[in-house]
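S.K.: Take 1 as the starting number for the sequence shown in full-length UniProt numbering and just add one per residue.
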Amino acid sequence: MKKISHSLFNFINDFRNSSRLKRKQQLAILKEWRLLADIQTLPDICRTKKEGQTDPNIESFWIEFESQVRRVEDFKVLSKYFDERIADILISAIGKSAITDALDICIESFDKSSGNVTRDIHMRMIKVVIYLLFAGSVCIVHLSSFENVLETLEIYELQAASQMGYYISRFVVQYGLYFVGVYIAFIAVIEISFKLWVSEERTMLSHSNYLYKIYRYKSIGFIVNQISLYRKTGVVLHDILPKLTTTSCNYTSSLLSKASKLSKKGITPYEALCQVSLFDAEETKLIRDTLSNSNDKEHLCLNALISTYEYKYDTAIQKTSRIYSTVCWVMTGVIFVIPFIGERFAQFSLAASQF
1 MKKISHSLFN
11 FINDFRNSSR
21 LKRKQQLAIL
31 KEWRLLADIQ
41 TLPDICRTKK
51 EGQTDPNIES
61 FWIEFESQVR
71 RVEDFKVLSK
81 YFDERIADIL
91 ISAIGKSAIT
101 DALDICIESF
111 DKSSGNVTRD
121 IHMRMIKVVI
131 YLLFAGSVCI
141 VHLSSFENVL
151 ETLEIYELQA
161 ASQMGYYISR
171 FVVQYGLYFV
181 GVYIAFIAVI
191 EISFKLWVSE
201 ERTMLSHSNY
211 LYKIYRYKSI
221 GFIVNQISLY
231 RKTGVVLHDI
241 LPKLTTTSCN
251 YTSSLLSKAS
261 KLSKKGITPY
271 EALCQVSLFD
281 AEETKLIRDT
291 LSNSNDKEHL
301 CLNALISTYE
311 YKYDTAIQKT
321 SRIYSTVCWV
331 MTGVIFVIPF
341 IGERFAQFSL
351 AASQF
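1) Where does C249 sit, in a helix, a strand or coil, going by DSSP?
2) Nearest CA to the CA of V141: which residue from Y166, I214 and E298?
3) Output needed for I63: all residues of its chain with C-beta closer than 6 Å, excluding positions within five of it in sequence on either side, in chain order.
4) Please report the residue range of the alpha helix (DSSP H) in which I306 lies.
5) Since F340 and A161 should fall inside the 8 Å C-beta cutoff, what is the C-beta to C-beta distance between them, to a whole number of angstroms?
6) Going by other Cβ atoms of all chains shown within 10 Å of its Cβ, with 16 needed for buried, is Q318 buried or exposed?
7) Is I267 near the ligand GTP, judged by its Cβ being under 7 Å from some heavy atom?
8) Measure the alpha-carbon distance for C274 versus F134 and round it to whole angstroms.
9) Rounded to the nearest angstrom, what separates F146 and V334 at their Cα positions?
10) Quick check on DSSP: helix, strand or coil for L21?
11) With a cut-off of 8 Å, does the C-beta of N250 fall near any C-beta of chain C?
12) Look up Q40 in the DSSP assignment and say whether it is helix, strand or coil.
13) Helix, strand or coil: how does DSSP classify E84 here?
14) Closest to I184 by C-alpha separation, out of S228, Q174 and H122, would be which residue?
15) So, under 8 Å CB-CB, V129 and Q347 are touching, yes? Tell me the CB distance rounded to an integer number of Å.
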């Protein structure tokens, strides 16, 4: 409850902060900045980007940022226009002359955290969903045709295919929108539980329940990728976990907070991540075997973890979307083909009755 209240408080603060740029604007600035970071100095980048800006908010940022860069100030303007976590990374990196790595971290943070599991599943089956909705809308036409026929004939006088087509069309027209509403509500509840539900039971489900396991794969990929990028900038491992706890997902933050507390008790950060049941058994063994005594192979181990969990996530998403697509194709066939054939037979029955 405390975490939800904290998230709500941050949301209200962000809403009140009218100068805070939208996420798309922040990401656009970071990507443009990264493109120029290897070929221009920071003052030159500010001067280049402020000229010809059509967005007054972005122009205002570059003007204020250039002013602070010239005076070598503490760059508080970054906190004014960017999310707190992004601003913190950039400010600390400018002081260490590690801005390119910091920009990579921030861009990866936006790119990896912007999506969600349910959206990734549905985006892979968008075509069949469109066909399903189209088939449902066509049922309105079929039902109207059936009702015209039933003004002359009784339902029992129609052939079995026509009766099935009529009942399917009527069901889709009468209850289709309710079904869509219930489904959207179900997806919303699942997505909210992914991000907000924090408990020991949830931790157990993340290793057994299929959907929660997929979400854990996505979370691990993001966390390990961020750790790898932070380590490239020279940030000490003990300082990385507290930085990552500021992510928007309460569940992920809770695991990282537990790991951070364990690391303060003398346990190594990687061992702490293993103890909070973040990784699968085989990856836990890999971490303990590789990093228990030395960090010489840390970079290779992190890359292996990133590749492993990206593969697990992609495979799970493909499998899930394939199952969903199959169900949708069957539903599309049922509510499109049977009413169509039934309506044709009903018209034949009507024509035959008039002779």
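Where a beta carbon is used, it is the ideal one built from N, C-alpha and C, also for glycine.
Please read all numbers here as calculations on a predicted model, not as lab measurements.
M.R.: Based on what the coordinates show:
1) Numbered from its first residue, the sequence shown carries residue 249 at position 249. In this structure, C249 counts as coil in the three-state DSSP scheme.
2) Here residue 141 is taken as the residue at index 141 of the sequence shown, counted from 1. If we check each option's Cα against that of V141, Y166 comes out closest.
3) On the sequence shown, position 63 is the one that residue 63 refers to. Excluding sequence neighbours, I63 sits near K50.
4) The residue given as residue 306 occupies position 306 in the sequence shown. Looking at the DSSP string, the run of the alpha helix (DSSP H) that includes I306 is E298 to S353.
5) Within the sequence shown, residue 340 is the residue found at index 340, counting from 1. Within the sequence shown, residue 161 is the residue found at index 161, counting from 1. The beta carbons of F340 and A161 sit about 10 Å from each other, so the pair does not count as a contact at 8 Å.
6) One-based indexing of the sequence shown puts residue 318 at position 318. The residue in question, Q318, is exposed, as its Cβ has fewer than 16 Cβ neighbours within 10 Å.
7) Within the structure as shown, the ligand GTP is missing, as the structure has no ligands at all.
8) For the purposes of this step, residue 274 is identified with residue 274 of the sequence shown, where counting begins at 1. For the purposes of this step, residue 134 is identified with residue 134 of the sequence shown, where counting begins at 1. Spanning the two alpha carbons is a distance of roughly 48 Å.
9) In the sequence shown, the residue the question calls residue 146 occupies position 146. In the sequence shown, the residue the question calls residue 334 occupies position 334. For the pair F146 and V334, the Cα-to-Cα distance works out to about 17 Å.
10) What you label residue 21 is simply residue 21 of the sequence shown in a count that begins at 1. The answer is coil: DSSP assigns L21 none of H, G, I, E or B.
11) Absent from the structure: chain C. Only one protein chain is present.
12) What you label residue 40 is simply residue 40 of the sequence shown in a count that begins at 1. In this structure, Q40 counts as coil in the three-state DSSP scheme.
13) Translated into positions along the sequence shown, residue 84 becomes position 84. Helix at E84.
14) Taking the first residue of the sequence shown as 1, we reach residue 184 at position 184. Among S228, Q174 and H122, the Cα nearest to that of I184 belongs to H122.
15) In the sequence shown, the residue the question calls residue 129 occupies position 129. In the sequence shown, the residue the question calls residue 347 occupies position 347. The beta carbons of V129 and Q347 sit about 30 Å from each other, so the pair does not count as a contact at 8 Å.
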